[in-house]
Structures are given as C-alpha cells and as structure tokens.
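Notes follow the structure.
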Amino acid sequence: IAKAKPDGYTISGMNVPHIVLQTLGQKAQFHAVDSFQYICQVVNDPQVVAVRKDSPYKSVKEVYDAAKAKPGKIKLGMCGPMSGQHLMYMDSMQKFPESKFAPIFYKGAADQIVAILGGEVDVIFGNMNDIMRSLDELNILGIASEKENDVFLPGVKTLRELGFDMVSDIRRGFAAPKDIAPEHLAKLRAIFKQICEDKEYVAEMIKAGQPHEYMDGETFHKWLADQFSKSEKLLRASGLLK
Numbered sequence: 525i526a527k528a529k530p531d532g533y534t535i536s537g538m539n540v541p542h543i544v545l546q547t548l549g550q551k552a553q554f555h556a557v558d559s560f561q562y563i564c565q566v567v568n569d570p571q572v573v574a575v576r577k578d579s580p581y582k583s584v585k586e587v588y589d590a591a592k593a594k595p596g597k598i599k600l601g602m603c604g605p606m607s608g609q610h611l612m613y614m615d616s617m618q619k620f621p622e623s624k625f626a627p628i629f630y631k632g633a634a635d636q637i638v639a640i641l642g643g644e645v646d647v648i649f650g651n652m653n654d655i656m657r658s659l660d661e662l663n664i665l666g667i668a669s670e671k672e673n674d675v676f677l678p679g680v681k682t683l684r685e686l687g688f689d690m691v692s693d694i695r696r697g698f699a700a701p702k703d704i705a706p707e708h709l710a711k712l713r714a715i716f717k718q719i720c721e722d723k724e725y726v727a728e729m730i731k732a733g734q735p736h737e738y739m740d741g742e743t744f745h746k747w748l749a750d751q752f753s754k755s756e757k758l759l760r761a762s763g764l765l766k
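Structural data, given as structure tokens:
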C-alpha cells in the first residue's frame, strides 16, 4: 500500500502495534507514521492477563507475586516475538523487574490458547477477542485498557485499577497511500465515519466479538506517532534496538 497508486480506490487494513514493530524491528520498505494517510481506527482490542480455571492464581497480584517468589519459574505465554503481547511483556519487565517470568512465544493465538489449556504455560498475555472464545476454560484476571469494558468483560478490572500501570492493545484501522489527493482522503474518512456510526454495523461488530472503537483519521495518525515513539523507547530500554 505504501507504494500503491494513490488513486483513492486503493486502501489497506492496518494493525497497530504490528506495523510499528515491523518498521522498528525490520528493514521495512515503509515507515508506519510517514508512509501513509490514515482513514480511521475501527477496533481497539486490549490485551488481557488470563489463567486456567483451575489455576492457583486468582488475581494479577498473585501471578506477579509468584513470579517474584520463584524467578524464572512462572511460564508466561504470548504471541511473538515482536508482537503487541511481547511489547506488553517488555513494559512489564521495565516496570516490575522483580517479577521474573519465563517467556514462551507462540506463532499465533490458537497455539497460545492450546498451550495454556494444556498446562504448558501458567499464564498468558492475549488479545481480548481471542481469549473470550475460551471463557468456559479460562479466567481473565485483568484487562490492559484505559477503562473497563462493560460490553465484553463486565466486572473485569483494568490493570491500572489493580495496581499495574500497563496499557496495551491492538488497534485496527485503515490507511491509504501517503500522496492520496486531499479530497479523496476526506471522502474516504467521511464514508468510514458514516459506516462506523451505523447501528447495524456496530451490532454486527459486537456479535463478532470485535471491540468496536472509532477514531478519526487525523487523531489516529497522531496517536500512532506517539505510540511509535513510546515503542521505540521501550525496545531500546529492553536492548532490542541499538
């Protein structure tokens, strides 16, 4: 999409922080902030901390206390490396260095959930949308969002409310080539805004388990630039960037 013809018809879905991490961690032929014009955000899928129903850990604090009492013994599953969950893990290491987990990476959410259900790991950081499909077998102990989610996880506290200052989420939206004509960009933004405000669309998103959250393109672009800066600092602090 970064090299596509800016004709107003060619757009792409965008996944944050993955596009940011690709820019930072690889020799990508694009820049997450500078190579695109953002149309809007449509989904905010926060990370959660989850354990099996039969886990001895009944709270986030108990999980972190165990990792502190038994350094390197509590197995933490996540997708990665260089994923949103890995980013949350790096944030955790910086803010709570006394709680030392044994990180185990998986190729995707399906493998990750199989691992936690099979006892291969003790706890996981996962996307809310993925973990919600296994609520009969998993307990979500906390959600890494700015606020509680009464639609999908009523009663589940944010990590900040639980004393762990971490916010980590997967944002999904749409973008166009950087040089798209302003009038075409404006039209796309208006169309997507109209779609995102449609009651039937919102109902279908909820039905599909997608945490719908609209953000206009200009605000989304500025937010992404801020996240790029924060992610770069975190990767450097974690020794993954020189």
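Residues in the sequence shown are numbered from 525 upward in steps of one, following our numbering. Yeah, the Cβ is synthetic: ideal placement off N, Cα and C, and Gly gets one too.
#1: Could you round the C-beta distance between Y613 and M602 to whole angstroms and report it? I think they count as a contact, below 8 Å.
#2: Tell me the start and end of each unbroken beta strand (DSSP E) in the segment 662-735 that is at least 3 residues and wholly inside, in chain order.
#3: I need the boundaries of the beta strand (DSSP E) containing L614, first residue and last residue.
#4: Three-state secondary structure (DSSP) at Y581?
#5: Short of 6 Å in beta carbon distance, which residues of its chain neighbour S623, apart from the five on each side in sequence? Order them along the chain.
#6: Return the first residue and the last residue of the alpha helix (DSSP H) that K746 is part of.
#7: Determine the direct distance from the alpha carbon of V566 to that of L712, and round the result to whole angstroms.
#8: Just to confirm the assignment: which complete beta strand (DSSP E) runs, minimum length 3, are found wholly within the segment 552-597?
#9: Please determine, among A699, N653, K681 and V691, the residue with the shortest C-alpha to C-alpha distance to A526.
#10: Between which two residues does the beta strand (DSSP E) harbouring A626 extend?
#11: Specify whether the segment 555-572 and the segment 617-634 touch according to this definition: at least 3 beta carbon pairs, one from each stretch, less than 8 Å apart.
#12: Tell me which residue opens and which closes the beta strand (DSSP E) that M602 is part of.
#13: Return the bridge partner residues of I774 from the DSSP annotation.
The short version:
#1: Reading the sequence shown from its first residue, position 89 is the one you call residue 613. Reading the sequence shown from its first residue, position 78 is the one you call residue 602. Contact flag correct, Cβ pair sits at about 6 Å.
#2: 662-667 and 693-701
#3: Translated into the one-based positions of the sequence shown, residue 614 becomes position 90. Residue identity differs from the one stated: residue 614 is Met in this sequence, not Leu. Counting along the chain, no beta strand (DSSP E) covers M614; the unbroken alpha helix (DSSP H) around it starts and ends at G608 to K619.
#4: For this step, residue 581 is matched to residue 57 along the sequence shown. Reduced to three states, the DSSP call for Y581 is coil.
#5: Within the sequence shown, numbered from 1, the residue matching residue 623 stands at position 99. Excluding residues within five positions, the ones whose Cβ falls inside 6 Å are Y588, A591 and K592.
#6: Taking the sequence shown and counting its residues from 1, one reaches residue 746 at position 222. Looking at the DSSP string, the run of the alpha helix (DSSP H) that includes K746 is G741 to A761.
#7: To locate residue 712, count along the sequence shown from 1; it is residue 188. To locate residue 566, count along the sequence shown from 1; it is residue 42. Note on geometry: alpha-carbon atoms of L712 and V566 lie some 14 Å from one another.
#8: 560-576, all fully within the segment 552-597.
#9: By 1-based counting over the sequence shown, the position of residue 526 is 2. Of the candidates A699, N653, K681 and V691, the one whose C-alpha sits nearest the C-alpha of A526 is A699.
#10: As a working mapping, residue 626 is identified with position 102 in the sequence shown. Note, A626: beta strand (DSSP E), A626 to Y630.
#11: With a cut-off of 8 Å, the segment 617-634 and the segment 555-572 do not count as touching, because too few Cβ pairs lie within range.
#12: For the purposes of this step, residue 602 is identified with residue 78 of the sequence shown, where counting begins at 1. Element bounds for M602: K599 to C603.
#13: Since the first residue shown for the chain is 525 and the last is 766, residue 774 is missing from the structure and cannot be characterised.
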